[in-house]
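Trainee:
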Amino acid sequence: MKKFLLYLTLAFLLAGCQQSPPQRSGPDWSLYRKAYSLLQVKPDSAFFYFNQVAVQSRDSLQIAMAYSAMGQIQYRAGDYYGSQESLLNSLKYLRESNQTHHVYIAGDYNDLGLARSELKDRDGALSFYGQALRFDPDSNLLNQVWNNMAYEWQQKGKYKEAAALYRRLLEKIKTRNPDYARALTNLAITRWLADPGFHAAAPLREALAIRKRSGDLWGQNSSYSHLTDYYRRPRPDSALLFAKAMYTVSRQIQSPDEQIEALSRLIYLSPAVDAKSYFSRFRRLNDSVQTARNAAKNQFALIRYNVDKAKAENLTLQKDNADKKLQLIKQSIRFYGALVVFLLAAGFSVLWYRKRKRQQELDKQNAVIETRQKDAKKVHDTLANDIYRIMKRVQHDPAVDKVWLEDNIDEVYQLARDLSYEINTDADEYFTEKIDELLTGFATDATAVVLVGNEKEFWQQLPAAFKPELKYVLQELMVNMQKHSLATNVLVKFSQQEGCYMITYFDDGVGFKEGHAPNNGLKNTGNRINAIGGEIKFVSSAGKGLEIQITFRLLKS
Numbered sequence: 000m001k002k003f004l005l006y007l008t009l010a011f012l013l014a015g016c017q018q019s020p021p022q023r024s025g026p027d028w029s030l031y032r033k034a035y036s037l038l039q040v041k042p043d044s045a046f047f048y049f050n051q052v053a054v055q056s057r058d059s060l061q062i063a064m065a066y067s068a069m070g071q072i073q074y075r076a077g078d079y080y081g082s083q084e085s086l087l088n089s090l091k092y093l094r095e096s097n098q099t100h101h102v103y104i105a106g107d108y109n110d111l112g113l114a115r116s117e118l119k120d121r122d123g124a125l126s127f128y129g130q131a132l133r134f135d136p137d138s139n140l141l142n143q144v145w146n147n148m149a150y151e152w153q154q155k156g157k158y159k160e161a162a163a164l165y166r167r168l169l170e171k172i173k174t175r176n177p178d179y180a181r182a183l184t185n186l187a188i189t190r191w192l193a194d195p196g197f198h199a200a201a202p203l204r205e206a207l208a209i210r211k212r213s214g215d216l217w218g219q220n221s222s223y224s225h226l227t228d229y230y231r232r233p234r235p236d237s238a239l240l241f242a243k244a245m246y247t248v249s250r251q252i253q254s255p256d257e258q259i260e261a262l263s264r265l266i267y268l269s270p271a272v273d274a275k276s277y278f279s280r281f282r283r284l285n286d287s288v289q290t291a292r293n294a295a296k297n298q299f300a301l302i303r304y305n306v307d308k309a310k311a312e313n314l315t316l317q318k319d320n321a322d323k324k325l326q327l328i329k330q331s332i333r334f335y336g337a338l339v340v341f342l343l344a345a346g347f348s349v350l351w352y353r354k355r356k357r358q359q360e361l362d363k364q365n366a367v368i369e370t371r372q373k374d375a376k377k378v379h380d381t382l383a384n385d386i387y388r389i390m391k392r393v394q395h396d397p398a399v400d401k402v403w404l405e406d407n408i409d410e411v412y413q414l415a416r417d418l419s420y421e422i423n424t425d426a427d428e429y430f431t432e433k434i435d436e437l438l439t440g441f442a443t444d445a446t447a448v449v450l451v452g453n454e455k456e457f458w459q460q461l462p463a464a465f466k467p468e469l470k471y472v473l474q475e476l477m478v479n480m481q482k483h484s485l486a487t488n489v490l491v492k493f494s495q496q497e498g499c500y501m502i503t504y505f506d507d508g509v510g511f512k513e514g515h516a517p518n519n520g521l522k523n524t525g526n527r528i529n530a531i532g533g534e535i536k537f538v539s540s541a542g543k544g545l546e547i548q549i550t551f552r553l554l555k556s
């Protein structure tokens with residue numbers, strides 16, 4: 000997995016920061032050493048002291064190393080934009096003409112590539128990795144840069160380029176060590192993505208064995224993740240075992256991100272009763288991680304703000320009263336000027352948004368009217384003339400031939416049915432997104448809605464006539480939830496296996512009271528499911544939530 004690769008890269012770069020500063024007369028490195036000693040145990044305190052180094056030091060290399068370390072701390076906390084800003088500041092203090100600076104320049108560019116990768120800017124990440132290679136990084140960093148570049152090519156769907164880099168790494172490493180296992184795993188996954196028929200199990204298991212022998216827990220976590228994805232469709236029972244192993248290892252390495260990924264796989268692969276428990280853990284852990292990351296981003300910004308503020312105040316105290324007054328006047332002008340600009344911009348934005356929203360609604364209404372007009376014209380052009388012809392024949396020929404009448408009416412019926420399918424079977428490649436938008440639209444601050452398995456593969460195999468029925472059913476379930484359930488968590492899971500399709504709805508609301516009779520909406524839901532040959536089952540007890548299982552099979556032609 001990519002997280003494993005990123006942590007290895009960070010470990011290498013942090014080790015590079017530990018080089019001993021010059022012992023001869025020169026800049027004082029004591030504050031830098033203090034910051035570095037806190038890097039692993041108290042990263043927020045380390046960030047504070049590194050920022051002081053960047054502000055107070057007069058040595059360009061020391062400043063560059065401090066900004067680089069700050070960027071790495073921000074990256075690990077999920078503050079990718081802040082990390083990018085710090086790394087770019089680091090590069091400002093490094094000189095390409097100075098050979099001793101090249102290792103730091105290469106490291107900064109590699110870290111910038113990692114930050115852009117997390118922001119899904121594949122081309123930007125590749126550009127930064129290419130810059131890193133310009134400065135002839137040593138063997139360890141070179142391997143990391145190649146791996147990072149190969150990953151970006153893989154994410155862009157350029158599997159040939161990615162596989163070439165991974166093969167190059169395998170030829171370079173040769174020894175069956177964790178680095179070899181990582182390259183072997185990445186090559187196997189790349190080949191599998193390029194060709195779903197490729198048998199990736201053997202190299203993936205070989206890499207897992209190497210990582211087990213070396214005690215590489217991060218690597219084992221990566222292997223279990225890839226094996227889960229590989230076996231997900233052909234052997235979901237094996238995929239479930241690997242997902243459980245991944246969850247166990249992710250807890251050993253104490254990585255919340257990897258635990259969240261493992262839980263998302265367990266929710267998809269587990270039976271309904273287990274999926275509820277995993278979903279509850281997933282929700283708590285995900286909320287905790289997001290809260291911690293937001294707090295870290297705010298804390299880093301506050302640290303930099305406070306240091307800059309203190310520095311500005313010290314400079315202000317050195318000026319005379321006339322300069323102070325002038326500065327205050329300028330600041331007031333800038334502040335109120337910015338405030339006026341902001342208010343004008345805000346007002347313009349609100350007006351523009353309302354106008355755009357009205358235009359979008361008008362466009363939608365026009366599109367619906369146009370579609371209805373087209374459908375009406377199809378009905379008229381296809382059926383009206385034939386029906387009129389038959390009607391006139393019956394009116395003017397009392398002894399009309401019964402066989403002729405049956406044949407012509409059957410022909411009109413066939414045309415009507417084909418036209419109905421043509422109108423309703425509107426190939427919609429965005430149906431998955433529509434279902435996602437429909438269901439998540441019921442989420443509120445008090446109710447979380449999570450979808451699992453809502454993928455194109457699920458909907459593409461269904462007859463077009465099924466889709467609107469299932470859409471109405473899901474909408475009715477969510478309306479019923481919002482009106483009556485008092486639920487705080489809702490999970491809708493889509494799954495299929497060997498021609499059997501299942502949609503399972505869970506919530507942790509009040510459920511049905513004993514003897515409760517379904518209302519008209521739920522009765523209509525049952526009728527719609529029966530109309531497409533499916534079954535619907537309600538599982539509920541008062542105060543313990545509600546589970547609804549919808550199953551149907553596709554008839555083989």
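Take the sequence shown: its letters are residues 0 to 556, numbered as in numbering that gives the first Met the number 0. A virtual CB, placed ideally from N, CA and C, is assigned to each residue, including glycine. All values derive from a computational prediction rather than experimental measurement.
1. Indicate the three-state DSSP secondary structure (helix, strand or coil) for residue 334 in the structure shown.
2. If you reduce the DSSP assignment to three classes, tell me which class residue 503 lands in.
3. Roughly how many angstroms lie between the CA atoms of residue 239 and residue 115, to the nearest whole one?
4. Among the residues of its own chain, which have a CB less than 7 Å from the CB of residue 87, if the five just before and after it don't count?
5. Jot down the residue ranges of each uninterrupted beta strand (DSSP E) in the stretch 428-497, minimum 3 residues, whole runs only, in chain order.
6. How about the stretch 156-171 and the stretch 122-135: do they share at least three Cβ pairs that are nearer than 8 Å?
7. For residue 267, which residues from the same chain have a beta carbon less than 7 Å from its beta carbon, with the 5 sequence-adjacent residues on both sides left out?
8. Going by DSSP, name the residue or residues bridged to residue 546.
9. Is it right to say residue 560 is buried, meaning 16 or more other beta carbons lie within 10 angstroms of its own, or is it exposed?
10. From this set, 207, 512, 174, which residue's C-alpha is nearest residue 185's C-alpha?
11. Cα separation between residue 548 and residue 500?
12. Per DSSP, what kind of secondary structure is residue 190 in: helix, strand or coil?
13. How should residue 108 be labelled, buried or exposed, when 16 other C-beta atoms within 10 angstroms of its C-beta is the threshold for buried?
14. If you reduce the DSSP assignment to three classes, tell me which class residue 133 lands in.
15. Whole-angstrom Cβ separation of residue 192 and residue 153, contact assumed at under 8 Å?
16. Are residue 278 and residue 490 close, meaning C-beta to C-beta below 9 Å?
17. From residue 247 to residue 340, what does the alpha carbon distance come to, in whole angstroms?
18. Cutting at 6 Å between CB atoms, please list the residues of its own chain near residue 553, excluding the five before and the five after it.
19. Between 433, 58, 507, which has its C-alpha nearest residue 471's C-alpha?
20. Whose CA, out of 187, 195, 243, 251, lies closest to the CA of residue 217?
21. From what residue to what residue does the alpha helix (DSSP H) around residue 259 run?
22. Under 9 Å, Cβ to Cβ, is there at least one residue of chain C near residue 111?
23. By Cβ distance, which residues of its chain are closer than 8 Å to residue 265, with the 5 residues on each side in sequence left out?
24. Could you tell me which residues DSSP pairs with residue 551 in its beta bridges?
25. Looking at residue 63: is its Cβ nearer than 9 Å to the Cβ of residue 93?
26. Output the boundary residues of the alpha helix (DSSP H) element that contains residue 202.
27. Do residue 187 and residue 136 have their beta-carbon atoms positioned less than 9 Å apart in this structure?
28. Of the residues 113, 67, 61, which one's Cα is nearest the Cα of residue 79?
29. Rounded to whole angstroms, how far is the Cβ of residue 524 from the Cβ of residue 531, which I believe are closer than 8 Å?
30. Among 493, 465, 506, 542, which has the Cα closest to the Cα of residue 512?
31. Check each candidate in 68, 336, 481 and name the one with the smallest Cα separation from residue 84.
32. Roughly how many whole angstroms lie between the Cα atoms of residue 506 and residue 249?
33. Rounded to whole angstroms, what's the CA-CA distance from residue 134 to residue 263? Just pull it up for me.
34. Can the beta-carbon of residue 466 be found closer than 9 Å to that of residue 430?
Mentor: According to the data block:
1. Within the sequence shown, the letter at position 335 stands for residue 334. Residue 334 falls in the helix class under three-state DSSP.
2. Numbered from 1 along the sequence shown, position 504 holds the residue referred to as residue 503. Strand, per DSSP.
3. Counted from its first residue, the sequence shown places residue 239 at position 240. Counted from its first residue, the sequence shown places residue 115 at position 116. So the alpha carbons of these two residues sit roughly 33 Å apart.
4. By 1-based counting over the sequence shown, the position of residue 87 is 88. Closer than 7 Å at Cβ, skipping near neighbours: no residue.
5. 447-451, 488-496
6. no
7. Reading the sequence shown from its first residue, position 268 is the one you call residue 267. Around residue 267, the same chain offers 451, 452 as residues with beta carbons nearer than 7 Å, after the five sequence neighbours per side are excluded.
8. In the sequence shown, the residue the question calls residue 546 occupies position 547. Residue 546 has 505, 538 as its beta-bridge partners, per DSSP.
9. Residue 560 lies beyond the range of the chain shown here (0 to 556); nothing can be said about it.
10. Taking the sequence shown and counting its residues from 1, the one referred to as residue 185 is at position 186. Per the Cα distances, 207.
11. Along the sequence shown, one-based indexing puts residue 548 at 549. Along the sequence shown, one-based indexing puts residue 500 at 501. Each residue's alpha carbon lies about 10 Å from the other.
12. Residue 190 sits at position 191 when you count from the first residue of the sequence shown. Residue state, collapsed to three classes: helix.
13. As a working note, residue 108 is residue 109 in the sequence shown. Classification of residue 108: buried, given that the 10 Å Cβ count is 16 or more.
14. Position 134 of the sequence shown holds residue 133. In the structure shown, residue 133 sits in a helix (DSSP, three-state: H, G or I).
15. Sequence index remark: in the sequence shown, residue 192 carries index 193 (1-based). Sequence index remark: in the sequence shown, residue 153 carries index 154 (1-based). Confirmed, about 7 Å.
16. Numbered from 1 along the sequence shown, position 279 holds the residue referred to as residue 278. Numbered from 1 along the sequence shown, position 491 holds the residue referred to as residue 490. Result yes, Cβ atoms of residue 278 and residue 490 sit closer than 9 Å.
17. Taking the first residue of the sequence shown as 1, we reach residue 247 at position 248. Taking the first residue of the sequence shown as 1, we reach residue 340 at position 341. The straight-line gap from Cα to Cα measures roughly 54 Å.
18. As a first step, residue 553 must be located in the sequence shown, where it is residue number 554. So the qualifying residues of the chain are 498.
19. The residue labelled residue 471 in the question sits at position 472 within the sequence shown. That would be 433, whose Cα lies nearest to the Cα of residue 471.
20. Taking the sequence shown and counting its residues from 1, one reaches residue 217 at position 218. Of the listed residues, the one whose Cα sits closest to residue 217 is 251.
21. Position 260 of the sequence shown holds residue 259. Counting along the chain, the alpha helix (DSSP H) containing residue 259 begins and ends at 255-268.
22. Considering every chain present, this structure includes no chain C. It has just one protein chain.
23. Reading the sequence shown from its first residue, position 266 is the one you call residue 265. Answer for residue 265: 239, 242, 243, 246, 273, 274, 277, listed in chain order.
24. Numbered from its first residue, the sequence shown carries residue 551 at position 552. 500.
25. As a position in the sequence shown, residue 63 is number 64, starting the count at 1. As a position in the sequence shown, residue 93 is number 94, starting the count at 1. Cβ distance < 9 Å, so residue 63 and residue 93 count as in contact.
26. Mapped onto the sequence shown, residue 202 falls at position 203. Element bounds for residue 202: 200-212.
27. As a working note, residue 136 is residue 137 in the sequence shown. As a working note, residue 187 is residue 188 in the sequence shown. It is not a contact, given that the beta carbons lie outside the stated cut-off.
28. By one-based count along the sequence shown, residue 79 stands at place 80. Residue 113 is the option with its Cα nearest to residue 79.
29. Locating residue 524 in the sequence shown gives position 525, where the first residue counts as 1. Locating residue 531 in the sequence shown gives position 532, where the first residue counts as 1. That belief does not hold up - the Cβ atoms of residue 524 and residue 531 are roughly 12 Å apart, past 8 Å.
30. If you number the sequence shown from 1, residue 512 lands on position 513. Ranking 493, 465, 506, 542 by Cα distance to residue 512 puts 542 first.
31. What you label residue 84 is simply residue 85 of the sequence shown in a count that begins at 1. With distances taken between Cα atoms, residue 84 lies closest to 68.
32. Position 507 of the sequence shown, counted from the start, is the residue given in the question as residue 506. Position 250 of the sequence shown, counted from the start, is the residue given in the question as residue 249. If I take the Cα positions, the gap works out to 27 Å.
33. Indexing the sequence shown from 1 puts residue 134 at position 135. Indexing the sequence shown from 1 puts residue 263 at position 264. C-alpha separation (whole angstroms): 40 Å.
34. Sequence index remark: in the sequence shown, residue 466 carries index 467 (1-based). Sequence index remark: in the sequence shown, residue 430 carries index 431 (1-based). Taking a C-beta distance under 9 Å as the contact criterion, residue 466 and residue 430 qualify as a contact pair.
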